[in-house]
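Sequential numbering from 906 applies to the sequence shown in my numbering. Built from N, CA and C at the ideal position, the CB exists for glycine as well. None of the values given here were measured: they were computed from a predicted structure.
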Amino acid sequence: MADLFGAAANAEGYDASNIEVLEGLEPVRHRPGMYIGGTDERALHHLAAEILDNSMDEAVAGHANRIDIYLEAADRLTIRDNGRGMPVGGHPKFPGKSAVEVILTTLHAGGKFSGKAYATSGGLHGVGASVVNALSSELHVEIAREKKLYSQSFARGLPQGTLAEIGSAPNRRGTSVTFCPDPEIFGANPKFRPATLYRMARSKAYLFAGVEIRWKCDPALLANDDTVPADETLHYPGGLADFLDDATRDKGLLISTPFAAQVELDGQKFEWAITWLNGGEDGFFHSYCNTVPTPSGGTHETGFRQAITRALRSFGDLAGNKKAADITADDVFAGTAVMLSVFLRDPQFQGQTKDRLVSAEATRQTEQAARDRFEQWLAADAARATFLLDAAIERAEERKRRKKEREVARKSATRKLRLPGKLADCTLNDTDQTELFLVEGDSAGGSAKQARDRKTQAVLPLRGKILNVASASTEKLGANQELSDLSLALGVRAGKDFRIDDLRYGRVIIMTDADVDGAHIAALLMTYFYREMPSLIEAGRLFLAQPPLYRMTQGAKTLYALDDLQREELTQSGFSARGKIEISRFKGLGEMPPAQLRETTMNPETRRLLRVELPRRDTIGADARRGVDQLVNTLMGKKAELRFGYIRDHAEDVLADLDL
Ligand code: 28F
906 MADLFGAAAN AEGYDASNIE VLEGLEPVRH RPGMYIGGTD ERALHHLAAE
956 ILDNSMDEAV AGHANRIDIY LEAADRLTIR DNGRGMPVGG HPKFPGKSAV
1006 EVILTTLHAG GKFSGKAYAT SGGLHGVGAS VVNALSSELH VEIAREKKLY
1056 SQSFARGLPQ GTLAEIGSAP NRRGTSVTFC PDPEIFGANP KFRPATLYRM
1106 ARSKAYLFAG VEIRWKCDPA LLANDDTVPA DETLHYPGGL ADFLDDATRD
1156 KGLLISTPFA AQVELDGQKF EWAITWLNGG EDGFFHSYCN TVPTPSGGTH
1206 ETGFRQAITR ALRSFGDLAG NKKAADITAD DVFAGTAVML SVFLRDPQFQ
1256 GQTKDRLVSA EATRQTEQAA RDRFEQWLAA DAARATFLLD AAIERAEERK
1306 RRKKEREVAR KSATRKLRLP GKLADCTLND TDQTELFLVE GDSAGGSAKQ
1356 ARDRKTQAVL PLRGKILNVA SASTEKLGAN QELSDLSLAL GVRAGKDFRI
1406 DDLRYGRVII MTDADVDGAH IAALLMTYFY REMPSLIEAG RLFLAQPPLY
1456 RMTQGAKTLY ALDDLQREEL TQSGFSARGK IEISRFKGLG EMPPAQLRET
1506 TMNPETRRLL RVELPRRDTI GADARRGVDQ LVNTLMGKKA ELRFGYIRDH
1556 AEDVLADLDL
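Set out below in structure tokens:
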């Protein structure tokens, strides 16, 4: 048998040494949620996405033009590409192991980090595949490379033999992976949804015209689903414009052809298609990076929104329309349907399921790619441009009217409304600027009242621990003075009568001590808002202040540390090596001099706030939202044993952090 493990190099100059190996797979089976966001149906389909992403990377890199997806049973999926085939050579750091085995049994084995093997990568090449392997009761990989055929099998990530040459492959090449999600992880009888996989395949084909995707599904699995074919070849040379047509098929359009373009800048690609819908129709904004969906948006969306908004403003400006200056991105994008797909070299995603792009430079790059072209598109048809601009101006006018009405209503309501005596209100009513600080106890309340900007910042001191609504009865909830003061101060009613437009402040900021008690009060308040006013959180109005725990001084230089970790970091790198660093710990907000409280925690120019976020309530986010419900019940609910179980399972996470 050929010596499979001699160090292999090949035409692309790739060799196994590109693979950076960081750790084994045991953490993946122990805490799958850290890697695929949970063990629900959404996470199950994440396995398919990871393997498909690796095939797509091979296609986007120009080495494959065909991908097969075959759902042969509800819990058995095969994905195959005609790319170069995973490398089969030996790995210098792992004598006796093939590169394939290293990629499939170690995390962070992707050469992606070295950037050599892949220009742009959706999957992290090797990270995804090894996670899928660990969470599959069985996984078989077959590689056709350099006219030979190899295969290797695994069970729950463990090799069932070494990579074996099983035959010749004279006229094909590529990688095929067959895997079965592990019932031990996903529960008995894990089932793929044909519709979800079919849509995943179709979106990939729309996003990259250079690949043909062959979908095949056992007809028995389609018994009650006539929207999914048993067999179809997916290939869309029309790219995003076709994708957008397909996604707006059932909607009324304001313009006949969408504004669509593809731009290549410095080796990266920016593609989009946007159309405007009839008034009142709900629009959407679907964005992707390297064909990976980014349902939580990110910097590419920001850049695109800026480009379109600024282009429309300057069109209005040139036409002498003074009102154009006031339109915002929300005015412009209301009622639009957008597809945005970017291909970046080294994308940074946020969160373990990579659903938000955070690459900072993508904002400027995307704006640069889109703005000029949109200005040309507008200039090409001034009547259409004027029509779109007027629609945006109309929405801006409507927005300003509504804000005026709210302010008037709030003023009159405040006069009628009995505000809690201990509320230190602010003088302005404009909710674009005002914020309410919820602080714990009167001493912190005193400091906060002195530190605040009275025009825009109100303070409501809460006495001690508020009621735990996750375990309190409804009547107890209604009778609780603190909580009724809170909803009075906010100008809203809790529960189903809550209306976001009644809010008397633009932001609600929980500002508790940086200690365990403070964290507990913050958790109680977040539980209250989550249960009684969830749309306040969904509207992005709830924040956590980040008061410092330490003040660190060396000579004239003073820095603040949020926690022990940051204190360590600043000790290492925040000061010069010479001179003693004085460190003092703040016992509580009440002990903090108002000037420091303002500078470190309240002043919008210098503070940092954490926005409390919930997964989007759309189809994708539904499972994640259920996950939040479960977690709130576990942590805050009546059943203490759930809490103990959670603490037992996650205690080492905290220890791990401390070890860092
Ligand atoms: C069904 C899933 O996983 N296809 C893949 C390749 C090709 C190469 C590769 C993959 C380690 C980190 C470089 C081959 N020759 N389909 C797939 N096709 N991985 S996964 O290399 C992985 C290395 O990055 C490949 C030359 N360069 C790259």
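> Assuming VAL1036 and ILE941 make a contact with CB atoms under 8 Å, what is their CB distance in whole Å?
Replying inline: The pair is a contact, with the Cβ atoms about 7 Å apart (cut-off 8 Å).
> What do you reckon, are the CB atoms on ALA1427 and LEU1454 nearer than 8 Å?
Replying inline: Contact flag unset, no.
> Applying the criterion that 16 or more other CB atoms from any shown protein chain within 10 Å of the CB defines a buried residue, is HIS935 buried or exposed?
Replying inline: Label assigned to HIS935: exposed.
>> Given 7 Å as the limit, tell me if ILE956 has its C-beta closer than that to any heavy atom belonging to the ligand 28F.
In response: Indeed, a heavy atom of the ligand 28F lies less than 7 Å from the Cβ.
>> Restricting to runs no shorter than 4 residues, where is the alpha helix (DSSP H) found entirely within the segment 1200 to 1248?
In response: Counting whole runs of 4 or more residues, the segment 1200 to 1248 contains the alpha helix (DSSP H) stretches 1204 to 1223 and 1234 to 1238.
> Anyone know if the C-beta pair for ASP1123 and GLU977 falls short of 8 Å?
Replying inline: Contact check for ASP1123 against GLU977 passes: the beta carbons are separated by less than 8 Å.
> Does the Cβ-Cβ distance between VAL1133 and PRO1099 come in under 8 Å?
Replying inline: With contacts defined as CB atoms closer than 8 Å, VAL1133 and PRO1099 qualify as a contacting pair.
> Any heavy atom of the ligand 28F closer than 7 Å to the CB of ASN959?
Replying inline: Under cutoff, so the answer is yes.
>> Measuring only from the beta carbon, is ARG985 closer than 7 Å to any heavy atom that is part of the ligand 28F?
In response: Set against 7 Å, the gap from the CB of ARG985 to the closest heavy atom of the ligand 28F is smaller.
> How big is the Cα-Cα spacing for PHE1342 and VAL1413?
Replying inline: Near 6 Å, if we compare the C-alpha coordinates of VAL1413 and PHE1342.
> For ASN987 versus GLY1079, is the C-beta distance shorter than 8 Å?
Replying inline: Contact: yes.
> What residue from LEU1063, GLU1474, LYS1354 and PRO1509 has the CA that sits closest to LEU930's CA?
Replying inline: When each option's Cα is compared against that of LEU930, the closest is LEU1063.
>> Starting from ARG1456, trace the beta strand (DSSP E) in both directions and tell me its first and last residue.
In response: Where ARG1456 is concerned, the enclosing beta strand (DSSP E) stretches over 1455 to 1459.
> Quick one: is the Cβ of ARG1078 within less than 7 Å of any heavy atom of the ligand 28F?
Replying inline: No; taking the cut-off as 7 Å, the Cβ of ARG1078 has no heavy atom of the ligand 28F nearer than that.
>> Just to confirm my understanding: we take ARG1512, look at its own chain, exclude 5 residues before and 5 after, and list those with CB closer than 6 Å. What are they?
In response: So the qualifying residues of the chain are THR1506.
> Do you know how far the Cα of GLN1253 is from the Cα of VAL1263?
Replying inline: When the Cα atoms are used, VAL1263 and GLN1253 turn out to be separated by approximately 6 Å.
> Do you know how far the Cα of ALA1135 is from the Cα of THR1336?
Replying inline: Cα-Cα distance, rounded: 54 Å.
>> Tell me the rounded alpha-carbon separation between TYR1023 and VAL1046.
In response: With a pLDDT of only 48 at TYR1023, under 50, the local geometry of the prediction cannot be trusted, and no value is derived from it.
> Do the segment 987 to 997 and the segment 963 to 972 make contact, defined as three or more Cβ pairs closer than 8 Å?
Replying inline: Cβ pair count under 8 Å is three or more, so yes.
> Can you tell me where the beta strand (DSSP E) with LYS1174 in it begins and where it stops?
Replying inline: Membership of LYS1174 in the beta strand (DSSP E) is indicated by the continuous run 1173 to 1181.
> The beta strand (DSSP E) with THR1083 in it runs from where to where?
Replying inline: That run of the beta strand (DSSP E) goes 1079 to 1086.
>> Could you compute how far the alpha carbon of PHE1164 sits from the alpha carbon of LEU1170?
In response: Going by the C-alpha atoms only, they are around 19 Å apart.
> Between the C-alpha atoms of ARG1409 and THR1361, what's the straight-line distance to the nearest angstrom?
Replying inline: If I take the Cα positions, the gap works out to 11 Å.
> Cβ of ALA855 within 7 Å of any heavy atom in the ligand 28F?
Replying inline: The displayed coordinates of the chain run from 906 to 1565. Any statement about residue 855 would go beyond what the structure contains.
> DSSP on LYS1401, reduced to helix/strand/coil?
Replying inline: LYS1401: helix per DSSP, three-state reduction.
>> Please state the DSSP three-state secondary structure of ARG1553.
In response: ARG1553: helix per DSSP, three-state reduction.
>> Alpha carbons only, please: which of ASP1147, GLU1443 and LEU1540 is nearest the one belonging to HIS1425?
In response: Among ASP1147, GLU1443 and LEU1540, the Cα nearest to that of HIS1425 belongs to LEU1540.
>> With the cut-off set at 8 Å, would you say LEU1112 and TYR1193 are in Cβ contact?
In response: Going by C-beta atoms, LEU1112 is nearer than 8 Å to TYR1193.
> DSSP puts GLU1117 in a beta bridge; with which residues?
Replying inline: BP columns for GLU1117 point to ARG971.
>> If I follow the unbroken beta strand (DSSP E) through GLN1057, where does it start and stop?
In response: Its beta strand (DSSP E) spans residues 1053 to 1060.
>> Between LEU1262 and chain B, is any beta-carbon pair separated by less than 8 Å?
In response: Given the protein chain composition of this structure (a single chain), no chain B is represented.
> What three-state label does DSSP hand TYR1141 in the structure shown?
Replying inline: Note: TYR1141 maps to coil in three-state DSSP.
> To the nearest angstrom, how far is it from the Cα of GLN1501 to the Cα of ARG1300?
Replying inline: Looking at the two C-alpha atoms, the distance is approximately 41 Å.
> To the nearest whole angstrom, what separates the beta carbons of LEU1441 and LEU1449, a pair I think is in contact under 8 Å?
Replying inline: At roughly 14 Å, the Cβ-Cβ gap does not stay under 8 Å, so LEU1441 and LEU1449 are not in contact.
> Using a Cβ-Cβ cut-off of 7 Å (strictly less than) and excluding sequence neighbours within five positions of ALA1128, which residues of its own chain qualify?
Replying inline: For ALA1128, there are no CB contacts under 7 Å within the same chain when 5 residues up- and downstream are skipped.
> What first and last residue would you give for the alpha helix (DSSP H) that runs through PRO1439?
Replying inline: Per DSSP, PRO1439 belongs to the alpha helix (DSSP H) from 1439 to 1443.
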